[in-house]
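To start, the structure itself, in structure tokens.
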Amino acid sequence: MSVGTAKHRELGLTDSEFELIVAQMGREPNVVELAMFSLLWSEHCAYKHSRKLLKQLPTAGERVVMGPGENAGAVDVGSGYAVAFKVESHNHPSAVEPFQGAATGVGGILRDVFAIGARPIAILDSLRFGELDSVRSRHLLDGAVRGIGHYGNSIGVPNVGGEIYFEQPYEHNCLVNAMCLGLARSEDMVRAAAAGIGNAVVLMGASTGRDGIGGASVLASAELAEGDDATKRPTVQIGDPFEESKVLECCLELLEKGLLVSLQDLGAAGLTSSAGEMAAAGGVGIDIDVARVPLREADMEPFEIMVSESQERMLGVVEPARVAEVLAVCEKWQTGSAEIGVVTNSGQVRILRGEEVVGDMPVAALVDGCPLYDLEPAEPEGWIYGNRATLAEGIAAEDELLALLASPSIASKRWAFEQYDSVVGSRTVRRPESADAAVLQLPESGNAIAVSIDGNGRRVACDPHAGTIEAVLECAQNLACVGAEPLGLTNCLNFGNPEKPATAWQLERSVAALAEACTALGVPVVGGNVSLYNEGPEGPIYPTPVVAMVGELPDPARVAGSSFVAEGDAIGLIGPFSPTLPGSELAKQRGALDKGLPQPDVAAVAAACAIVRDAVRAGRFASVHDVSDGGLACALAESSIGAGLGCRANVEHLRERGCQPEEALFGEGTGGFLVSGERMVLEELGAVLIGTVGGESIEIGAGDHSLSVPLDTAESAWRSLDQRVEATA
Amino acid sequence: MIWGVLQFPGSCDERDALHACSLLGEARLIWHEERDLGGVDGVVVPGGFSYGDYLRAGAIARFSPAMEAVAELAADGGPVLGICNGFQVLCEAGLLPGALLRNIELRFTCRQVDLVVEPSLGDLTTPEGGQVDESKRLSIPAKHGEGRYYAPDEVLDALEANGQVAYRYASEHNFNGSARDIAGVRNEAGNVVGLMPHPEHAVDPLTGSTDGLRVFEAAAAGARA
Chain A
1017 MSVGTAKHRE
1027 LGLTDSEFEL
1037 IVAQMGREPN
1047 VVELAMFSLL
1057 WSEHCAYKHS
1067 RKLLKQLPTA
1077 GERVVMGPGE
1087 NAGAVDVGSG
1097 YAVAFKVESH
1107 NHPSAVEPFQ
1117 GAATGVGGIL
1127 RDVFAIGARP
1137 IAILDSLRFG
1147 ELDSVRSRHL
1157 LDGAVRGIGH
1167 YGNSIGVPNV
1177 GGEIYFEQPY
1187 EHNCLVNAMC
1197 LGLARSEDMV
1207 RAAAAGIGNA
1217 VVLMGASTGR
1227 DGIGGASVLA
1237 SAELAEGDDA
1247 TKRPTVQIGD
1257 PFEESKVLEC
1267 CLELLEKGLL
1277 VSLQDLGAAG
1287 LTSSAGEMAA
1297 AGGVGIDIDV
1307 ARVPLREADM
1317 EPFEIMVSES
1327 QERMLGVVEP
1337 ARVAEVLAVC
1347 EKWQTGSAEI
1357 GVVTNSGQVR
1367 ILRGEEVVGD
1377 MPVAALVDGC
1387 PLYDLEPAEP
1397 EGWIYGNRAT
1407 LAEGIAAEDE
1417 LLALLASPSI
1427 ASKRWAFEQY
1437 DSVVGSRTVR
1447 RPESADAAVL
1457 QLPESGNAIA
1467 VSIDGNGRRV
1477 ACDPHAGTIE
1487 AVLECAQNLA
1497 CVGAEPLGLT
1507 NCLNFGNPEK
1517 PATAWQLERS
1527 VAALAEACTA
1537 LGVPVVGGNV
1547 SLYNEGPEGP
1557 IYPTPVVAMV
1567 GELPDPARVA
1577 GSSFVAEGDA
1587 IGLIGPFSPT
1597 LPGSELAKQR
1607 GALDKGLPQP
1617 DVAAVAAACA
1627 IVRDAVRAGR
1637 FASVHDVSDG
1647 GLACALAESS
1657 IGAGLGCRAN
1667 VEHLRERGCQ
1677 PEEALFGEGT
1687 GGFLVSGERM
1697 VLEELGAVLI
1707 GTVGGESIEI
1717 GAGDHSLSVP
1727 LDTAESAWRS
1737 LDQRVEATA
Chain B
266 MIWGVLQFPG
276 SCDERDALHA
286 CSLLGEARLI
296 WHEERDLGGV
306 DGVVVPGGFS
316 YGDYLRAGAI
326 ARFSPAMEAV
336 AELAADGGPV
346 LGICNGFQVL
356 CEAGLLPGAL
366 LRNIELRFTC
376 RQVDLVVEPS
386 LGDLTTPEGG
396 QVDESKRLSI
406 PAKHGEGRYY
416 APDEVLDALE
426 ANGQVAYRYA
436 SEHNFNGSAR
446 DIAGVRNEAG
456 NVVGLMPHPE
466 HAVDPLTGST
476 DGLRVFEAAA
486 AGARA
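Read top to bottom, the protein sequences are chains A and B.
The end of the first sequence is residue 1745 by our numbering, with every number in the run present.
The end of the second sequence is residue 490 by our numbering, with every number in the run present.
As structure tokens, then:
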């Protein structure tokens, strides 16, 4: 049976890709095969525009237990334990239906982590929306936060941190990136490669329905009986955290009992990608009998079963003699299970419906046969995103500080994180906004881990190279603030259409910078995810490489917070911090964004991180806070508000580094740590002393920009997000 | 004392409750299908989303075999502590009065709250006999979407008259809109206690507070009294 060449185009394959499939198959693919090829050869699964670039990333490291290519990366945390982690995007589904899109994003990333045998111990999220004054943005924000909370809360995994930025270029294409960390005994971890000819393939978890049959619905209209309405087929998946909770416990029990040879989750492209990738990784073939797949609707076509993205499903490879035991454990957890196939030595993925063969493809062609493309980058002439001034130049410094504190991107995100359970699991040593990185204790290995997730797309838009290095350094600084040494990094590269030269240039520059920063810091990249084609009618999103770094610290009791602690403590500044206004929140509010940022000095920042890390581990600071969005003035305000203590500081020292008063107050850049504690200690550590904790106002001397703001006024501005979202949400 | 901690499909906090109990005595998990509690002295019905809670929180769990055994233990005067979803289950099972409705702001909220310990709770009463002072406040996390305690006024009056209000939210800490700031109640005999906040997440200074241990101690003491 041949499908017309028009079909492959509607499924997103180019003519030359279709011809390549025909050449590799030796014939034209049938409907089932074309559906499967179109998904596995999609950008999402094949990384065809990014794979060549990603080869630059350093992936080796002494502590790496699992690197790229597995369901999640993992690093050794000592005493025989490993921490697995991964970030994944669920941008497009969330832009269509934010609650379910975000919820299933969390569900998917949880499965990636327990697929390698790690019990999920924390969730973080990185979100981007349009400006908060847009009804659409508030709707997306509200839905995404509820969805993330719904799924994570219901399954009992704490949400311990994250970030939210509001920028116009995300108006039509919000970003929802979810991260999960898991803990496993290194020896119990399992890979996704199918192995053992004759072993059974067991599908566990939810039944398979027509949800998430995205692009392949083109085929539905061609193949299903007359009168069927393709519009009935929902393309956004629906999450069921209860089912996931049962599948999670079931899989962990199966692994603990040694009943699984390998395990893989069903994510994008459902059974197609799981079966194909397991076979490819193991160098084997797989037969799948769709007639044995438990269905929600009896009349589903084979291709629909193969591409369905129904959630909460896992695929395991089991020795034939152990199948009955596996099914019994599934029964105990009241979750579905069915033996749907077998591992073969054919090198083919064969799809059967009972006795009938309905698809038969070489694994190599299906999984690794997709052509990889070179980008055609071209640097854009100027600033390709708009500018929108919301703040006049020349207003009082006090008003500038309050405007920055009230910016939704800087303001407290309590409205969001209070909707997440941050305490379940008894590991959360630092809850959201109490320190710069989340800290989780690991009684199993007697130490703790810290995690930070960052990616300021605006600054990457200004300069993809400098902005990406800054994102990595920001993570490294956040870890240093809690005394953690980096172990590994993962990332989610959110970009626009890579076929457009400007986006291709951003992507190429950004990945090169990511490789450069990770190499310089000696931090291996253990996994990643790429989300391209994030564009709306008004153009692409800001290029947004979201990076997440996991580090280790010996003693969680020593972790300082980011808020000041005691009246009279000295305030100091550590690190090579030379802030400037380009790309800053202030520049944005003034409508003065433009191309170009200063290039960060990675080695100098790394040296400052080491000083801070060691001092935190020795318990020498009362507080430590990374200077980030909104500059030193906002950092001082945040440390004050958190403590309910004012401060008196003077930032004119930064003149020596070439900073004008305005830059010293609100300029941004890497390498700054705001610390407080005993004056002698701070001096000994090389801090520039800039002030003292105390009083009921934030007073900052900065020449003709000196300011004084009552603490409660600053706090009202910083805590204004609640009312602004709730007013109309 | 040996505590049993029930485990339903969908339970979230059972491991934390198990850990908290093990700090005060022995503890073990009890699978929801067990009709026999295996000789434990007391039971914790933990937090989470038993059976998914897609119907009404706790409405299905109350029918589980383990809950039949818990009802018998309660009738015999054994200590039973319901936390969050466990509180909802005990209310659904009729072992505690009242019901838990959706939070007044209709959102799940996770927040550290201060609780005032009511003087009726055995060991925790003040020497003066009822004057609750600041030292009787407990700092404990609460996290739920359906925690607004409700009962008809005459029931609330009776609860207060009988000393059945176990915990109240301190002023400005009642985020869910509970009637009369009630965070936890107990039965007339005093051996069955339920509360929305999570004492099992407050047993370690590193994670915020150790005040939760006093709730477990009080639950054990209430049964002996």
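Note that the Cβ used here is the ideal one computed from N, Cα and C, for glycine as well.
Since this is a predicted model, take the numbers as computed values, not measurements.
query                                                                                                                                                                                        : result
Compare the C-beta of aspartate 278/B against all C-beta atoms of chain A and say whether one is closer than 8 Å.                                                                            : yes
Strictly below 9 Å CB to CB, what residues from chain B border serine 1261/A?                                                                                                                : Pro274, Gly275, Ser276, Cys277, Gly313, Phe314, Gly317
Kindly list the residues whose CB is nearer than 6 Å to the CB of valine 1546/A, restricted to its own chain and excluding five residues on each side of it in sequence; keep chain order.   : Tyr1063, Ser1066, Leu1509
What does threonine 1444/A touch in chain B if you count any residue whose Cβ is under 7 Å from its own?                                                                                     : Thr472
Along chain B, which residues have their Cβ under 7 Å away from the Cβ of proline 1572/A?                                                                                                    : Leu471
In terms of alpha-carbon separation, which member of Ser1058/A, Arg1135/A, Val1379/A lies closest to alanine 1210/A?                                                                         : Val1379/A
Taking the Cβ atom as the reference point for each residue, do leucine 1569/A and valine 1498/A lie within a distance shorter than 8 Å?                                                      : yes
Is it the case that the stretch 374-385 of chain B contacts the stretch 401-421 of chain B, given that we only count it when at least three CB pairs across the two stretches are under 8 Å? : yes
Counting Cβ pairs closer than 8 Å, one from the stretch 1660-1676 of chain A and one from the stretch 1478-1490 of chain A, do we hit at least three?                                        : no
Check distances from the C-beta atoms of the stretch 1144-1175 of chain A to those of chain B and list, in chain order, the residues that come in under 8 Å.                                 : Arg1162, Gly1165, His1166, Asn1169, Ser1170, Ile1171, Gly1172
Within its chain, find whatever has a CB closer than 6 Å to the CB of valine 438/B; leave out the 5 residues flanking it on each side and keep chain order.                                  : In the sequence on display, residue 438/B carries histidine and not valine. If we look at histidine 438/B and ignore the five residues flanking it on each side, its Cβ neighbours are Val378, Asp379.
Restricting to Cα atoms, I'd like to know which of Val1048/A, Val1334/A, Gln1615/A, Ser1639/A is closest to valine 1323/A.                                                                   : Val1048/A
Short of 6 Å in beta carbon distance, which residues of its chain neighbour asparagine 1494/A, apart from the five on each side in sequence? Order them along the chain.                     : Asp1452, Ala1453, Ser1468, Asp1642
Around the Cβ of alanine 1246/A, are there at least 16 other Cβ atoms within 10 angstroms (buried) or fewer (exposed)?                                                                       : Only weak support exists for where alanine 1246/A lies, its pLDDT of 48 falling under 50; the value from the coordinates is given anyway. Alanine 1246/A is exposed by the Cβ-count criterion.
With DSSP as the reference, please indicate the residues paired to serine 1547/A in a beta bridge.                                                                                           : Asn1510/A
By DSSP, does glutamine 1522/A sit in helix, in strand, or in coil?                                                                                                                          : helix
By the three-class DSSP mapping on this structure, what secondary structure does glutamine 1350/A have?                                                                                      : coil
Interface residues of chain A around threonine 374/B at Cβ under 9 Å?                                                                                                                        : Glu1434, Gln1435
Below 8 Å on the Cβ atoms is my guess for glutamine 1116/A versus valine 1252/A; work out the distance and round it to an integer in Å.                                                      : 6 Å
Could you name the residues of the same chain whose beta carbon sits closer than 8 Å to that of serine 1425/A, not counting the 5 residues immediately before and after it, in chain order?  : Ile1180, Tyr1181, Phe1182, Glu1183, Glu1601, Asp1645
Return the first residue and the last residue of the beta strand (DSSP E) that phenylalanine 1689/A is part of.                                                                              : 1689-1693
Measuring alpha carbon to alpha carbon, tell me which residue in Ile369/B, Gly459/B, Leu346/B, Val458/B is nearest tryptophan 268/B.                                                         : Leu346/B
Just to confirm the assignment: which complete beta strand (DSSP E) runs, minimum length 3, are found wholly within the stretch 1575-1662 of chain A?                                        : 1586-1590, 1639-1642
At 4 residues or longer, and completely inside the stretch 1366-1438 of chain A: list those alpha helix (DSSP H) runs for me, N to C.                                                        : 1379-1384, 1413-1422, 1430-1433
Give a yes or no on whether the minimum CB-CB distance between proline 462/B and chain A is below 8 Å.                                                                                       : no
Rounded to whole angstroms, what is the Cα-Cα separation between serine 1150/A and alanine 1111/A?                                                                                           : 14 Å
Does the pairing of the stretch 1678-1692 of chain A with the stretch 1579-1590 of chain A give three or more beta-carbon distances under 8 Å?                                               : yes
Grouping DSSP H, G and I as helix and E and B as strand, with all else coil, what is arginine 367/B?                                                                                         : coil
Closest by CA to valine 468/B, which one among Glu337/B, Pro384/B, Gln272/B, Arg479/B?                                                                                                       : Arg479/B
For chain B, find out if any of its Cβ atoms is closer than 8 Å to the Cβ of glutamine 1350/A; answer yes or no.                                                                             : yes
Have a look at the DSSP bridge pairing and note the partners of isoleucine 1716/A.                                                                                                           : Ala1665/A, Leu1723/A
Could you check which residue in Gln1676/A, Ala1653/A, Asp1630/A has the C-alpha nearest to that of valine 1697/A?                                                                           : Asp1630/A
Under 8 Å Cβ to Cβ from proline 1553/A, same chain only, skipping five residues before and after it: list those, please.                                                                     : His1188
With distances taken Cα to Cα, identify the nearest neighbour of arginine 1443/A among Ala1464/A, Phe1433/A, Gln1435/A.                                                                      : Ala1464/A
In three-state terms, what does DSSP make of glutamine 429/B?                                                                                                                                : coil
Given tyrosine 1097/A, which residues of its chain have a CB within under 8 Å of its CB, disregarding the five upstream and five downstream residues?                                        : Leu1199, Ala1200, Arg1201, Ser1202, Leu1458, Glu1460, Ser1461
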